[in-house]
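A quick write-up on the structure given underneath.
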């Protein structure tokens with residue numbers, strides 16, 4: 001189900017009103033091509049740890065029926081308000 005999102009018009013018209021709508025799969029479309037493969041994903045997680053001022057970062061690989069890789073770090077996480085006001089805002093200029 002689409003959600004209506006209010007935007008300020010760049011031009012006004014007396015005959016019509018339009019609104020911006022998005023669907024849940026928008027995130028999938030925006031992220032497509034950003035993380036192309038597993039090495040790129042691990043590299044991105046490593047960079048996130050660096051950005052979070054982590055002093056310890058580890059990569060654990062669990063080779064079972066389903067292979068799993070997990071990156072753990074001791075960096076500074078996001079506050080709830082950073083998550084809502086910055087991370088969940090598409091196109092934000094702020095690097096959390």
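Residue numbers (the UniProt record's numbering): 1 to 96. Glycine included, each C-beta is placed from N, C-alpha and C at the ideal position.
In chain order, what residues of the same chain lie with their CB nearer than 6 Å to the CB of residue i, ignoring the 5 residues before and after it?
i: residue 49; result: 57, 73, 75
i: residue 65; result: none
Nearest by alpha-carbon distance to residue i: which of the options is it?
i: residue 39; options: 84, 68, 86; result: 68
i: residue 42; options: 78, 70, 86, 77; result: 70
i: residue 78; options: 25, 44, 53; result: 53
From residue i to residue j, what does the alpha carbon distance come to, in whole angstroms?
i: residue 44; j: residue 17; result: 41 Å
i: residue 60; j: residue 46; result: 13 Å
i: residue 93; j: residue 35; result: 20 Å
i: residue 62; j: residue 37; result: 18 Å
Would you identify the three-state DSSP class for residue i, choosing helix, strand or coil?
i: residue 56; result: coil
i: residue 61; result: strand
i: residue 67; result: coil
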